[in-house]
Each structure stands twice: as structure tokens, then as C-alpha cells.
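Chemist:
2 protein chains.
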Amino acid sequence: MTDDNETPGGAEREPPLAFAFFNEVGILHQLGGAMLSQVLPGGVHPSHFAIVNHLTLRGDGKTPIEIARAMQVTKNTMTHSLKTLERHGFIAVSPNPKDARGKLVHLTAEGRAFRERAIARVLAAFGAVLGEAELARMARVIEDLRALRGHLDANRLPPRE
Amino acid sequence: MTDDNETPGGAEREPPLAFAFFNEVGILHQLGGAMLSQVLPGGVHPSHFAIVNHLTLRGDGKTPIEIARAMQVTKNTMTHSLKTLERHGFIAVSPNPKDARGKLVHLTAEGRAFRERAIARVLAAFGAVLGEAELARMARVIEDLRALRGHLDANRLPPRE
DNA sequence: CCATATTGGTGAGACATCGAACCAAAGGAG
DNA sequence: CTCCTTTGGTTCGATGTCTCACCAATATGG
């Protein structure tokens, strides 16, 4: 009986660990994103909130490329997202004085205010659902997740430009 | 780098644990999905592979609604995905003899063959990237992730139909 | 038996994301 | 200076997913 035995009768061998892992990750992502998008003010998309949040925490004045890398999306997607955020008045995009083909992204007062509002609502919503047990689980796994993410990030086959 | 001390006076100093957790989950999801979609034969989408995989492991002959629930997507999305899988010849959709408005989804020989091919390539790709340390991390966190997923699933605000 | 609510499934429209193709500015090498 | 490669950004078309609206069939209550 080898490792890849074929079981007759419908049921097959259990999927490898990595399958189960990414399956959970996918569902968790879906569930968390759904919760988030329900409580974000003005129907703002979670990924857009993430950008504003990132600029607040890590400082603004970054280029779209830098933000795209931080958010793990392509520059195409970032162009689109920034356009939306600009339309909302949450960010201001200006030419980069150091590089004529580049741009710089700055938060507006409105963008910061939006984040404050969003944070409050998100914290309330998540606080209502997450108890001590859940927070303990998150604390227990967060470091492994970070390490895994770093490893995958470093070893992905094609560099995401 | 992880120094996110921001201006004092009301601003958030440390993103709550849940933020960091879902952030890692999101990136992991993105990274894993990208790897998967690169190695899947014929440009098949990861979510479609997941459906074929599910039907293989858990048995086919299920209704679209059941599959949608298992995959954590809406029934509309499932309609669309099944249509694509049917176009690929991986599944066969037939009327449900027990319920005239329902359907039943069965795997075709081609669908099973596709899964075999896909599994082989996916295992090779992931095996090349994931070492013992990574598998150990996954094994260490998988149970907490499952529990978290179950908790979120049970406590989400609006039941996903 | 009929009216109403519920459930399985589909269609249209919106949106985030991706890959490919493209343009413009910057950086080297000669 | 000139050519060529690299890099920052945008546009286009396709796809997966969601919500809202809808239809058909079943289940339920009188």
C-alpha cells in the first residue's frame, strides 16, 4: 500500500496537509472579508480600507508601487483602487518630484476620519463575535502564519513585479 | 518595520490582534491561490479545482446548493462555476428525480482524470516550496484555524442562505 | 383544494482582480 | 549623445464573486 493509494468506492485518501491548510485559510479569508465589508461605512471595500489603514500606520507619501507590494496586489489593481479612493476623497495623488513618471499618495483629513469611523465599527463588530478563546487561538497561530507567509513570499515562482 | 507607533493623542497605536490575523490570512490566501492557479492544468481556477476535489473526496451526486454551502459561496456563484465546469466536461448536471426544481452534480471520467493530473502537479509544486518546517507549522495551526473558522461561521451576522 | 411562504436555481449588473499590451521617464553602456 | 533595458503607471478584456430581482416547484395552513 503506497502513499498514493486509490480507494475504490468513492472515498479517497485524505488530502495532504497543505490542502487542508489553504482550504481553511480561504474560508477564513472569505468569512473575515464578509464581516468587514458589512460594517465598513459607505460600502467601502475591505481592500480599500486596508490601503487607508496601511498609509495611516506606516506613513503616507508612498508610491503606488510600494503600496501595491505591501498589499500583495498587482500595480494594475492598485491603479484602480487608488482611483476609487481618490473619488471618495480619502487620498490625494500628486506627481513625484523625484521621478517624473511616478506618483505620491497622501492621506486626506477625510481619509483619516474615515479610518477612525471604520476602526470603531470594525472593533465593535469583531469584539461582539470574538471571545477570549478566539483571541487566544489567533495569538497562538499568528507567528506561524507570519513565518509561513514570509516563506511563501520569498519562494514564489515568479516575482510579482 | 513593524514599528507602527503613530502620533499619540487618540490614534490607534497597535493594530488589534484580529487585524493582524486577518491580514496574514488574506496574504496567505492570495499567495496560495496564485501558486495554485499557476500549476493547475488548462488555466482552471482554484475555486473550480476545489469543487472537483470536493466531489471526489466527499462523493458526487450532490445538489448545487450543498456544494455552495461546502465551498462557502453563494448559490449564484455556484451556478456560474458549475456552468464553467460543465463546459470543461468535468461534471455532468442532471435533474434531481426527488425534486423537480433541483439538480444533481456528478463527476465525469474526464473530471476525475483532471483531478489526478492537477493533484500531481500541485503536489510537486508545493512540495518544492514547502519544507519540513513549513509543514510542521501548518500542522501546528490547522486545528486552531478550523476552530476559528467554525466559530466565525456559526456567528456571522446574516446567514448565507 | 387553494393561498402563501419557502426553497432550488438563474439572470443582470456591479466590482475587485488579474494578465497582456502599451507608453513615458530613468539609467546604463558605448 | 544615442541606444537599450528597466521601471512606474495606465488601459483593455476576461473572470470570479457578490447583491438584487426573479421564476419554478415544494411545503404548509386554512
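Line by line, the protein sequences give chains V and E.
Be aware that the first sequence starts at 133, since it is given in this note's numbering, and climbs by one per residue.
Be aware that the second sequence starts at 133, since it is given in this note's numbering, and climbs by one per residue.
We put the CB at the ideal spot given by N, CA and C, even for glycine.
Pairs of beta-carbons, one from the stretch 230-243 of chain E and one from the stretch 215-231 of chain V, closer than 8 Å: are there three or more?
Modeler: No, because fewer than three Cβ pairs between the stretch 230-243 of chain E and the stretch 215-231 of chain V fall closer than 8 Å, the two stretches do not touch.
Chemist: Starting from the beta carbon of residue 267 of chain E, find every residue of chain V whose beta carbon is closer than 8 Å, and list them in chain order.
Modeler: By Cβ distance, chain V contributes 149, 150.
Chemist: Compare the Cα-Cα distances from residue 217 of chain E to each of E/273, E/176, E/279 and report the closest residue.
Modeler: When each option's Cα is compared against that of residue 217 of chain E, the closest is E/176.
Chemist: Note down, one range per segment and in chain order, each alpha helix (DSSP H) of at least 4 residues found wholly within the stretch 157-231 of chain V.
Modeler: 178-190, 196-203, 207-220, all fully within the stretch 157-231 of chain V.
Chemist: Within the same chain, show all residues whose beta-carbon is closer than 6 Å to that of residue 251 of chain E, passing over the 5 residues directly before and after it, in chain order.
Modeler: Excluding sequence neighbours, residue 251 of chain E sits near nothing in its chain.
Chemist: Could you tell me which residues DSSP puts in a beta bridge with residue 238 of chain E?
Modeler: In the DSSP output, where bridge partners are listed per residue, residue 238 of chain E has E/224.
Chemist: Nearest by alpha-carbon distance to residue 220 of chain E: which of E/174, E/279, E/165 is it?
Modeler: Checked all of E/174, E/279, E/165; the closest Cα to residue 220 of chain E is E/174.
Chemist: Shorter than 9 Å from the beta carbon of residue 164 of chain V to some beta carbon of chain E?
Modeler: Chain E contact via Cβ: present.
Chemist: Confirm, please, whether the CB-CB distance from residue 187 of chain E to residue 199 of chain E is below 9 Å.
Modeler: A contact, by the Cβ cut-off of 9 Å.
Chemist: Flag this pair as touching only if the stretch 260-278 of chain E and the stretch 145-159 of chain V have three or more C-beta atom pairs under 8 Å; answer yes or no.
Modeler: Contact between the stretch 260-278 of chain E and the stretch 145-159 of chain V is present, because at least three Cβ pairs lie under 8 Å.
Chemist: Note down the Cα distance separating residue 194 of chain E from residue 265 of chain E, rounded to an integer number of angstroms.
Modeler: When rounded, the distance between both Cα atoms is 38 Å.
Chemist: What residues from the stretch 206-221 of chain V come within 7 Å of chain E, judged by C-beta to C-beta, listed N to C?
Modeler: Against chain E - using a Cβ distance shorter than 7 Å - the stretch 206-221 of chain V contributes no residues.
Chemist: Taking 9 Å as the cut-off, decide whether the C-beta atoms of residue 247 of chain E and residue 171 of chain E are in contact.
Modeler: No, these two residues do not count as a Cβ contact at 9 Å.
Chemist: Could you tell me which of V/238, V/212, V/206 sits nearest to residue 192 of chain V, measuring between CA atoms?
Modeler: Looking at the Cα atoms, V/238 is the closest of the given residues.
Chemist: Are the Cβ atoms of residue 204 of chain E and residue 159 of chain V separated by less than 9 Å?
Modeler: Yes, the Cβ-Cβ distance between residue 204 of chain E and residue 159 of chain V is below 9 Å.
Chemist: Flag this pair as yes or no: are the beta carbons of residue 184 of chain V and residue 157 of chain E separated by less than 9 Å?
Modeler: No, Cβ-Cβ distance for residue 184 of chain V and residue 157 of chain E is not below 9 Å.
Chemist: Determine, using beta carbons only, whether residue 272 of chain E comes closer than 9 Å to chain V.
Modeler: So yes, residue 272 of chain E belongs to the interface.
Chemist: Assign residue 282 of chain V to one of two classes, buried (16 or more other C-beta atoms within 10 Å of its C-beta) or exposed (fewer than that).
Modeler: Exposed is the call here.
Chemist: How many whole angstroms separate the CB atoms of residue 274 of chain E and residue 154 of chain V, which I take to be in contact at a CB cut-off of 8 Å?
Modeler: Contact flag wrong, Cβ pair sits at about 11 Å.
Chemist: Could you check the C-alpha separation between residue 211 of chain E and residue 162 of chain E for me, to the nearest Å?
Modeler: Looking at the two C-alpha atoms, the distance is approximately 24 Å.
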